[in-house]
Structures are given as structure tokens and as C-alpha cells.
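Here the sequence shown is numbered in our numbering, starting from 64 and rising by one per residue. Using N, Cα and C, we set each Cβ at its ideal position, and we do this for glycine too.
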Amino acid sequence: MFIRRGRVGGRRPLVASHLPITHKATPAESAQHKATKERIVEAAGRYGLEAEAEAEAEVALVNRRSVSDAVVTGPNGLRIGREIQYHHLSPSSVRRRSVNALEHGVTPLWVAKDRTASLIDRAPWARVDDMPWKDIADGKEMVIRGGYRHLEVWKCVPSSERHCLVSDGASHCGDIHADWFVPALCLPQRRPVHIEDLVLQSATGESVPVYVPNRGNSRIGRHMWVSADDRALWQELIGERTPLPTAPDEDADDVITFAEQEVDRTCRAGRRAGSSATAAPFAVLTSRPVVSPFPACPSSALATRCESPLWNVPPPPPRWAVRRGSRSVLNGR
């Protein structure tokens, strides 16, 4: 465990966090990652698309490299960089790497298997089922469970099957509403989109990424893949083109360092000052040190009793004892 600065409202208090700060992929995750990458490359080859998937497809940047697991190039030169992220990655890293790819002509497409992944709605993404690597390699159906939506437009009247977005279903306003739905919730229900479908459609421009701001808070929104026709209709309805958000500034929470030392499990309780035992390893923090509100306690506090206590404990209040057949006396007197 170590200490970092958190966010609570407008304050930045010190909060506890736990190691490890990075996730090391397990053998099962590594096998899933490799099988998914090979399946994307094979699908691109079957459709006659150019795919780069060596150890990693790298695009040189100024100070660092933006790495994609597979870069598929469409017939019109459109480049889609697929990043298969089956383990945890910080939200700011997702946004920053996505913007770096866009700046170098590569449209990012993040692939996740966890519905709670931090990359969801922070970059163009697609979520698939968590399945064994052998099923992926054998060609088992990989349906896009999240990240791909269809635009539904309806008139808000009592006979409509959709509820009112303004009143949240309390009434009907009579206006035209439009919202995005996954294929299973469309009316009528649309056929599911598979990962091979997205490989082809994203490279040819038939499916495109779009960023939809939240109705209640324009500062947040959702990233999704949609058809080019749906995006054109959406832009016509809202009358504007919403660009993708830019990368955030460097956050102090993303830069955490610690001393890579073994944990000293030796108990030093009761040892007096001057002992030959060395101090236990401690975490190296980049933030300011914690200032204790209590006066410093001398080193003899490591012993069983401390000559200068940190606070004075008042004596206990008097107790009343009542004896049968006699008056109440104080403390037995």
C-alpha cells in the first residue's frame, strides 16, 4: 500500500492506494490477446485489406511511440489501429494514446472484454465476450456486445413504442426524438455485429466513430461506432459536428513511483531506541510529505511505555455503588 493524492470535490486529499500500480497480463490473457489479434489480421486478409501485425505495429511520435496491435488499411487509405486491451489501463492513458493516433492519421479502435473496462466511452471501442483463446482461434462467433449502436428516430406521441426523452416517459411532447441503441434494443431488432464485420466496415468507411455528448452534461459523453448513414443523419438533426475530445493534461495521479524493495515483515514492537535493527523500507512519494497534527513523540515511544504521551487521558468519572439495605456510597466509601 502507498499514499497518493486523490480528488474529493475540489480538494486533493491524501488517500491510500494499493500495489501493484500496473497489471501484469496472465498467461490466459496473453493467449486471448494473441488469438484476437491473429483473428483480426486473418479477417482483414480474407477481405483483401492490408494489415500490419508484426510484434506490434508502431507509429513513430516525437517523444514516444503510439503502439497498435494491428493496423488495417482500407482501399481509400483509411487506417484503423486496433488496440486489444484485455487488462487494466488508466483512463488518461486511453485518451492520450487515442489522440496521439488520430494526430498521425490512425483511427483508434479499442477492443475490450470487460463491461467495466476504463476505456469504455473514453475512445472508440468495441466489447466482445470473454472466451477462452482456443474458441477465438477456432473461429467461434465473436459478437460485438457494446460499442456499436444504431440511430433510432421517432415522433413522441402516445402511440409511440419509445418513451419521451424530455419528460423521461412521464408524458408525450409531440416532438421528434433521436437516440442510439444497441442492435438488440432496436425496434425492430437489428442483427448483431460481429468482429469480422467491424474489421471490414471500419476500414471501408461504412462504419465510423462518433462522439455523442450527454444530454445533461455536455462535458461528458459516449464514444461509439455507428454506420456512416446514421452519423450523417445525426449531424443533420443536431445541426452541428461534435469533434472528438482532446487529450487531457498530465495528471499527477498517473505518475507514481515507489521503492522496488522487498517488504520487511520483521516486527519491531517493543524495541528501544539504539537498536541495531534497520528501518523498514518505505514508499517514495512524489507528493508533499504528510504533516502530523500531533507533537512529535520521542524515540522511546517504541518501548512499551512512552514518557511523553501524545495526549492526556482524564481520570474516569466516579462510580456509584448501591448496597442492599444501606445508603449509596461513592466508590465504595
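#### Entry: Assumed close pair ARG190, GLY209 - CB separation to whole angstroms, cut-off 8 Å
4 Å
### Three-state secondary structure (DSSP) of LEU141
coil
### Task
Please state if the CB of PRO272 and the CB of THR18 are separated by a distance shorter than 8 Å.
This structure leaves residue 18 out entirely; the chain is present only between 64 and 396.
### Of the listed residues GLN264, ALA241, ILE199, nearest to ARG278 (C-alpha basis)
ALA241
#### Entry: Own chain, CB closer than 7 Å to GLY108, minus 5 neighbours either side, in chain order
ALA114
### Query
Rounded C-beta distance between LEU248 and GLU224? I'm assuming under 8 Å.
That pair is no contact at about 11 Å.
### Task
Determine the DSSP secondary structure at VAL125, reduced to helix, strand or coil.
Low local confidence applies: a pLDDT of 42 at VAL125 is under 50, so the model's placement there is unreliable, and no value is given.
### Rounded separation between LYS218 and ARG294 - CA only
19 Å
### Query
Is it a yes or a no for the stretch 133-150 touching the stretch 258-275, going by three-plus beta-carbon pairs under 8 Å?
yes
#### Entry: First and last residue of the uninterrupted beta strand (DSSP E) at VAL451
Residue 451 is absent from the structure shown; the chain starts at 64 and stops at 396.
### Message
Closest to TRP196 by C-alpha separation, out of LEU300, LYS100, PRO221, would be which residue?
### Response
LYS100
### Assigned exposure category for SER222 - 16 Cβ within 10 Å defines buried
exposed
### Task
Figure out for me which residue from MET205, ILE103, VAL275, ALA186 has the closest Cα to the Cα of MET194.
MET205
### Message
Which of the three DSSP states is assigned to VAL191 in this structure?
### Response
coil
### Task
Please determine, among ARG142, LEU261, LEU228, the residue with the shortest C-alpha to C-alpha distance to ARG102.
LEU261
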